[in-house]
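Peer 1:
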Amino acid sequence: MQILFLPLPWTLLLCFIGWFVFQFGAALLCLKMPDRWFSPHRFPFRAQRWESSGRVYAFLRVQRWKRLLPDGAAVLKSGYRKKALADFSTENLDRFMIESCRAEMTHLLAIFPFWVFGLIGPPIIIWMMLGYALIINVPCMIAQRYNRPRIQRILDTYRKRTFDSGQAST
Numbered sequence: 001m002q003i004l005f006l007p008l009p010w011t012l013l014l015c016f017i018g019w020f021v022f023q024f025g026a027a028l029l030c031l032k033m034p035d036r037w038f039s040p041h042r043f044p045f046r047a048q049r050w051e052s053s054g055r056v057y058a059f060l061r062v063q064r065w066k067r068l069l070p071d072g073a074a075v076l077k078s079g080y081r082k083k084a085l086a087d088f089s090t091e092n093l094d095r096f097m098i099e100s101c102r103a104e105m106t107h108l109l110a111i112f113p114f115w116v117f118g119l120i121g122p123p124i125i126i127w128m129m130l131g132y133a134l135i136i137n138v139p140c141m142i143a144q145r146y147n148r149p150r151i152q153r154i155l156d157t158y159r160k161r162t163f164d165s166g167q168a169s170t
């Protein structure tokens with residue numbers, strides 16, 4: 001329900017500012033949350049059966065377009081960059097898994113404020129803002145869900161080799 005009636009240019013300006021604030025606010029909120037809340041093995045982050053260990057995302061050709069997505073961590077001083085992995089140690093891959101969950105939650109939280117724009121614009125703006133929120137955030141969430149099973153397979157391989165090496169020496 002529209003409660004603020006502004007000229008169109010002001011409404012558009014408020015929409016741009018609002019989305020920036022909501023996106024940035026979601027990122028800051030998730031950065032403040034403890035790492036333990038972002039376990040890739042717990043709901044909602046664990047892979048679901050229908051995802052077929054990430055193969056469903058190959059159907060969406062994620063590997064072709066995910067490089068076009070921005071890495072928001074570059075904006076935040078304490079952000080963890082996920083665009084390209086340079087360190088394949090188990091510690092860094094574990095960190096990647098947590099930060100991937102954090103990124104997914106950030107984008108999920110950034111979708112929900114779409115309704116606020118109905119306070120400054122006609123009812124149709126709510127649907128337009130929902131569309132915008134989904135177009136901007138869902139591809140980023142898909143990329144995280146695509147990456148996690150792949151990184152998990154690498155971690156499992158490393159841990160199996162370490163376990164086998166440890167077993168062989170005892």
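For the sequence shown, the numbering used here begins at 1 and goes up steadily by one.
Quick reminder that beta carbons are idealized off the backbone N, C-alpha and C, glycines included.
1. Once the 5 residues before and after residue 96 are set aside, which same chain residues still bring their CB inside 6 Å of it?
2. Note down the Cα distance separating residue 42 from residue 4, rounded to an integer number of angstroms.
3. Roughly how many whole angstroms lie between the Cα atoms of residue 127 and residue 10?
4. Express the C-alpha separation of residue 165 and residue 24 in angstroms, rounding to a whole number.
5. How is the alpha helix (DSSP H) around residue 20 delimited, first residue to last?
6. Residue 54 and residue 147: beta carbons closer than 9 Å?
7. Would you mind reading off the limits of the alpha helix (DSSP H) that contains residue 100?
8. In the structure shown, what three-state DSSP assignment does residue 132 receive?
9. Using only the alpha-carbon positions, how far apart do residue 88 and residue 162 sit?
10. Leaving aside the five residues before and after residue 79 along the sequence, list all residues of the same chain whose C-beta is less than 6 Å from its C-beta, in chain order.
11. Taking the alpha carbon of residue 19 as the point to measure from, which residue in 86, 1 and 117 has its own alpha carbon closest?
12. Buried or exposed: residue 82, going by 16 or more other Cβ atoms within 10 Å of its Cβ?
13. Would DSSP call residue 143 helix, strand or coil?
14. Taking residue 63 as part of the alpha helix (DSSP H), name the residues at either end of that continuous run.
15. Got a sec, what are the start and stop residues for the alpha helix (DSSP H) residue 58 sits in?
Peer 2: Judging by the given coordinates:
1. Same-chain partners within the cutoff: 151.
2. Straight-line measurement puts the Cα of residue 4 at about 41 Å from the Cα of residue 42.
3. Cα to Cα, the separation comes out at about 19 Å.
4. Going from the Cα of residue 24 to the Cα of residue 165 covers about 45 Å.
5. 8 to 32 is the span of the alpha helix (DSSP H), which, as asked, contains residue 20.
6. Their beta carbons are under 9 Å apart, which means residue 54 touches residue 147 by this criterion.
7. From DSSP, the alpha helix (DSSP H) with residue 100 extends over 90 to 111.
8. In this structure, residue 132 counts as helix in the three-state DSSP scheme.
9. Inter-residue distance for residue 88 and residue 162 is about 14 Å (C-alpha atoms, whole angstroms).
10. Correct list, in chain order: 73.
11. The shortest C-alpha separation from residue 19 is found at 117.
12. Looking at its Cβ environment, which holds 16 or more other Cβ atoms inside 10 Å, residue 82 is buried.
13. Helix.
14. Unbroken alpha helix (DSSP H) run through residue 63: 62 to 65.
15. Annotation for residue 58: the continuous alpha helix (DSSP H) segment containing it runs 55 to 59.
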